[in-house]
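All residue numbers for the sequence shown refer to our numbering, where the first residue is 2 and numbers rise by one. Built from N, CA and C at the ideal position, the CB exists for glycine as well. For clarity, every value in this text was computed on a predicted model and none was experimentally measured. Working notes for the structure below.
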Amino acid sequence: MKYLFLGLAIIFEVVGSSFMKASDGFTKWLPSAITAAAYLICFYFLSLALKSIPLGVAYAIWAGLGIVLTAAVSVLIFKQKLDLAGIVGIIFIVIGVVIMNFFSKSAH
């Protein structure tokens with residue numbers, strides 16, 4: 002369940018970030034309301050995950066996968082460009098999350 006909670010936290014963080022972009026600086030009420038609700042739900046699930054996943058590990062996974070998925074949304078939905086440096090940076094983030102989860106003793 003702990004990783005299900007973390008996964009839901011990541012999904013709602015990406016939804017919140019995406020609707021924040023759509024809110025146009027919080028000038029559109031519906032995307033603004035969705036942003037607020039998504040972040041509240043996100044932090045609720047993150048808090049549940051933190052009951053059994055160490056903070057550093059959970060935050061690394063949450064932030065890392067959130068960055069990757071938000072970047073994907075920005076390219077696919079908002080038609081923003083991602084250059085080679087951005088792609089390499091995202092790859093390094095994924096590698097860091099994998100290293101923490103499979104090789105770090107702090108993950109257990």
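- Assignment of GLY26 by DSSP, reduced to helix, strand and coil, places it in the coil class.
- For MET21, the number of other beta carbons within 10 angstroms of its own is at least 16, and it is reported as buried.
- Counting along the chain, no alpha helix (DSSP H) covers LEU83, and no H or E run does either.
- The Cβ neighbour count for LEU41, taken over all protein chains shown within 10 Å, is under 16; the residue is labelled exposed.
- Comparing alpha carbon positions, the residue from LEU7, LYS80, PHE79 closest to ALA64 is LEU7.
- As the crow flies, the alpha-carbon of TYR4 is around 27 Å from that of VAL76.
- Where LEU70 is concerned, the enclosing alpha helix (DSSP H) starts and stops at 56-77.
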